[in-house]
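Chains A and B, in that order, are what the protein sequence lines are.
Under my numbering, the first residue of the first sequence is numbered -13, with each subsequent residue one higher.
Under my numbering, the first residue of the second sequence is numbered 74, with each subsequent residue one higher.
Here a beta-carbon is modelled for each residue, glycine too, at the ideal position from N, C-alpha and C.
Worksheet for the structure shown next.
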Amino acid sequence: MSDVVVVAELADGHVTKPTLELLTLARRIGSPVAVVFGDGASVAPTLGEYGATAVLSAVDPALEEYLVAPKAEALAQIVAERSPAAVLITSSAEGKEIAGRLAVKLGAGLITDATDLAADGSTTQSVFAGNWTVRASVGHGVPVVTVKPNAVAPEPAPTAAAVSEAVVTISEASKGARIVKSEPKSASGRPELTEAAIVVSGGRGTGGDFAAVEALADALGAAVGASRAAVDSGWYPHAYQVGQTGKTVSPQLYLAAGISGAIQHRAGMQTSKAIVAVNKDSEAPIFALADLGVVGDLQTVLPAVTEQVKARKG
Amino acid sequence: MKILVLVKHVPDATGERGFAADHTVDREATDGLLSELDEYAVEQALRVAEDGDGVEVVVLTVGPDDAADAIKRALQMGASAGIHVLDEAIAGSDALATSEILAAAVRKAEPDLVLCGMASTDGAMGVVPVMVAERLGWPAATLGATLEVADGVVTIRRDTDTASLTVEANLPAVVSVTDQSGEARYPSMKGILSAKKKPVETWELSDLGIDAGSVGLDAAWSTVADTTPRPPKEAGKVVSDADGAGATALVEFLAAGKFI
């Protein structure tokens, strides 16, 4: 069976959920080989549990000191060595940039933001704010595909992953964009927005008070999102913005509170499995997308829901 | 210093967007405009020009006849000249071919800094800036929430999920900026009038030394099998929150979906 190279993403030393999703999808095509930027030994058991037959550690200080380019160069060397059937990367900002550079280096076709992947390597994408579905395939070189989080539920398929170090050489040409400072952000303690099964988002209708949104999110174990209007007003950090210029989310449940549903916002959440909207304005476009719409004040509705959810959980 | 801003003419996101019979973006069905996310790049270029001496802002687009509108808008905002890469053979090009055309155009234009938006509002791949940099062998400082240029070095702040990074690159470099970089200006009446006199050059593939057979739909390295409009969503249930009925309905919905 041919190899499928999967780029493993780590957060705080742990394998991210989208990486497990990539491994699950990769098994449809071939035998997953995980590439870890850094020492892969500590995460190899997790990667193996989800089917990685090999874990390759790419180790070089430049991978952390410079933006993106060294990772693409290291990956290109690994791909040239292994000749895989495909390369799968998470559709994060960095993942897409690695993929773009890799495709140029390999002279290979590129598909970004796939929402599904078939055994023959063909992809499904959701485009134009989720209003169109595109099926495509790469016909030239090793297909490079970035996959959106939540494309598939991770399924374990335990194997013993053999860990080895990949020999990579980072050229001076890749050391152009220097990371001179990195200030860690404080963790919210909530699930990662793009990975969460439930997202509760607030918009203009919050009036700047996200307490009710956060309380319901915590009761549901959900991530918190925000509309561009709320972010532009300075009410919530940009890292939580859902929409065209923020994050694209595709959770099992998206709850939009006080969000009218402009096209820019819909582009970031329209593919959610279930959508609930709470808005004072019964004419808000978000109601056209909602499986359940509640016309009412979110500052009344959300606390009442939070209380009942907590009561049911005991 | 010369700044070259790469811009794209896209179908208006508030219109009915869709695909033509050959699965390329239908550019007839709805009006086009300068991609909103590219306005931020034009804005940053103009701010650098206002803060420095002898900074020239040139805007470049690759696209069909109508793409001239995107250049026009950037000239109205304040860019001093435009370049339109226009060639029938380009239609249907994928990101790889587009980046090759752009890289060749950058070599010909010889800027010190290439500025881009974070992604287009239609394809939304967000990969073209790094692909252009990769082809040029230039550093790429991408997704800047802020941008500064001083002493031949460009500095951006890049916000990731876990950290806020400060990234520096020596010029020449490719930089992309996000919508966090600063509100883009509206053209003034003076800007609109003066834009009509600003020079716009048209370049063909042959001017860039690119073989027409290496770009376009037939040369694309990925092939679209089909494009399907999403079926209209069935109208969901709408409940008015009188007497707490909304909260009750919402909790029942959560329970039915096994979310609680």
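Notebook entry, point to check: So, is P245 (chain B) buried or exposed, given that buried needs 16 or more other C-beta atoms within 10 angstroms?
Noted result: The Cβ neighbour count for P245 (chain B), taken over all protein chains shown within 10 Å, is at least 16; the residue is labelled buried.
Margin query: If you measure between the beta carbons of A152 (chain B) and V115 (chain B), is that distance less than 8 Å?
Written below: With respect to V115 (chain B), A152 (chain B) sits close: the two C-beta atoms are nearer than 8 Å.
Check: Given that K91 (chain A) touches chain B, what residues does it touch there, using C-beta distances under 8 Å?
Finding: Residues of chain B passing the Cβ test: E207.
Note to self: To the nearest angstrom, how far is the alpha carbon of E274 (chain B) from that of V78 (chain B)?
What the structure shows: E274 (chain B) and V78 (chain B) have their C-alpha atoms spaced approximately 15 Å apart.
Notebook entry, point to check: Checking contacts by CB at 8 Å: is V312 (chain B) closer than that to chain A?
Noted result: Taking CB atoms only, V312 (chain B) has a neighbour in chain A less than 8 Å away.
Notebook entry, point to check: Using a Cβ-Cβ cut-off of 8 Å (strictly less than) and excluding sequence neighbours within five positions of G289 (chain B), which residues of its own chain qualify?
Noted result: So the list reads A162, I163, A164, G165, S166 and A170, once near-sequence residues are dropped.
Next item on the list: Spell out the partners DSSP gives K75 (chain B) in its beta bridges.
Entry: B:E129, per the DSSP bridge assignment.
Notebook entry, point to check: What residues from chain A crowd round T296 (chain B), counting only those whose CB sits closer than 7 Å?
Noted result: At a beta-carbon threshold of 7 Å, the residues of chain A lying near T296 (chain B) are A122, S123 and G125, ordered along the chain.
Notebook entry, point to check: Can A147 (chain A) and A(-6) (chain A) be called in contact, C-beta distance under 8 Å?
Noted result: No; because the gap between Cβ atoms is not below 8 Å, this pair is not in contact.
Checklist line | Nearest to A260 (chain A) (by Cα), restricted to the options A:E35, A:P237, A:G37 and A:A137 | finding: It is A:P237.
Notebook entry, point to check: Do A48 (chain A) and A242 (chain B) have their CB atoms nearer than 8 Å?
Noted result: Taking 8 Å as the cut-off, the Cβ atoms of A48 (chain A) and A242 (chain B) do not count as close.
Note to self: Considering just the uninterrupted stretch of the beta strand (DSSP E) at V222 (chain B), what are its terminal residues?
What the structure shows: Looking at the DSSP string, the run of the beta strand (DSSP E) that includes V222 (chain B) is T219 to A223.
Check: In the DSSP assignment, what are the bridge partners of T301 (chain B)?
Finding: Answer is A:T119, bridged to T301 (chain B).
Item checked: Cβ contact check for the region 25 to 35 of chain A and the region 175 to 186 of chain B: 3 or more pairs under 8 Å -> Proximity of the region 25 to 35 of chain A to the region 175 to 186 of chain B falls short of the contact definition, fewer than three beta-carbon pairs being nearer than 8 Å.
Next item on the list: Kindly indicate if chain A contains any beta-carbon less than 8 Å away from that of K306 (chain B).
Entry: Residue-level contact by beta carbon holds for K306 (chain B) and chain A, with a gap shorter than 8 Å.
Note to self: I'd like the list of long-range same chain contacts for A257 (chain B), defined as Cβ closer than 6 Å, with 5 residues on each side in sequence excluded.
What the structure shows: Cβ within range, chain order: E112, Y113 and E116.
Check: Where do the ends of the beta strand (DSSP E) carrying Y36 (chain A) lie?
Finding: No beta strand (DSSP E) holds Y36 (chain A); DSSP gives it neither H nor E.
Note to self: Under 8 Å, Cβ to Cβ, is there at least one residue of chain B near E51 (chain A)?
What the structure shows: Output row for E51 (chain A): interface = no.
Notebook entry, point to check: Would you say the region 220 to 240 of chain B touches the region 83 to 93 of chain A, given that touching needs at least three Cβ pairs under 8 Å?
Noted result: Result no; under three Cβ-Cβ pairs closer than 8 Å.
Next item on the list: Might you give, ordered along the chain, the residues of its own chain that have their beta carbon closer than 7 Å to the beta carbon of D99 (chain A), omitting 5 neighbours on each side?
Entry: Correct list, in chain order: S77, Q111, T132 and K134.
Next item on the list: Consult DSSP for K271 (chain B) and reduce its assignment to one of helix, strand or coil.
Entry: It is coil, neither helix nor strand.
Next item on the list: In the DSSP assignment, find the beta strand (DSSP E) that holds R258 (chain B) and state where it starts and stops.
Entry: Element bounds for R258 (chain B): n/a, residue is neither H nor E.
Notebook entry, point to check: Since D102 (chain A) and A137 (chain A) are thought to touch, with beta carbons under 8 Å apart, how far apart are those beta carbons, to the nearest angstrom?
Noted result: Confirmed, about 6 Å.
Notebook entry, point to check: Are A93 (chain B) and D99 (chain B) close, meaning C-beta to C-beta below 8 Å?
Noted result: Inclusion of A93 (chain B) and D99 (chain B) in the CB contact set at 8 Å is warranted, their separation being smaller than that value.
Check: Within the 8 Å Cβ cut-off, does P245 (chain B) reach chain A?
Finding: No, no contact with chain A.
Note to self: So, with DSSP's three-state summary, where would you put T98 (chain A)?
What the structure shows: It is a strand residue.
Next item on the list: State the start and end residues of the unbroken alpha helix (DSSP H) segment that holds H251 (chain A).
Entry: I249 to M255 is the extent of the alpha helix (DSSP H) around H251 (chain A).
Next item on the list: Would you please verify whether the beta carbon of E73 (chain B) is less than 8 Å from any beta carbon of chain A?
Entry: Because chain B here runs from 74 to 333, residue 73 (chain B) falls outside it and cannot be looked at.
Notebook entry, point to check: Of all Cβ atoms in chain B, is any one closer than 8 Å to the Cβ of I175 (chain A)?
Noted result: Correcting the residue type first, residue 175 (chain A) is Gly in the shown sequence and not Ile. Not flagged as an interface residue toward chain B: G175 (chain A), since no C-beta distance is shorter than 8 Å.
Note to self: Cβ closer than 8 Å: which chain A residues qualify as neighbours of A322 (chain B)?
What the structure shows: For the C-beta of A322 (chain B), the chain A residues within less than 8 Å are, from N- to C-terminus, L278 and V280.
Check: Looking at A71 (chain A) and S(-12) (chain A), is the spacing between their C-beta atoms short of 8 Å?
Finding: Yes, they are a contact pair.
Next item on the list: For T286 (chain A), go through chain B and note every residue whose CB falls closer than 9 Å to its CB, in chain order.
Entry: D314, G317, G319 and A320, listed in chain order.
Checklist line | 4 or more residues per run - each alpha helix (DSSP H) lying fully within the region 150 to 193 of chain B | finding: The qualifying runs are 168 to 182.
Notebook entry, point to check: Taking the continuous beta strand (DSSP E) assigned at D232 (chain B), which residues delimit it?
Noted result: Per DSSP, D232 (chain B) belongs to the beta strand (DSSP E) from V226 to D232.
Next item on the list: Go ahead and pull the three-state DSSP assignment for Q63 (chain A).
Entry: Helix at Q63 (chain A).
Next item on the list: Mind reading off the beta-carbon distance from M191 (chain B) to L110 (chain B)? Whole number of angstroms is fine, and I expect it under 8 Å.
Entry: Contact between M191 (chain B) and L110 (chain B) is confirmed by a C-beta separation of about 6 Å, below the 8 Å threshold.
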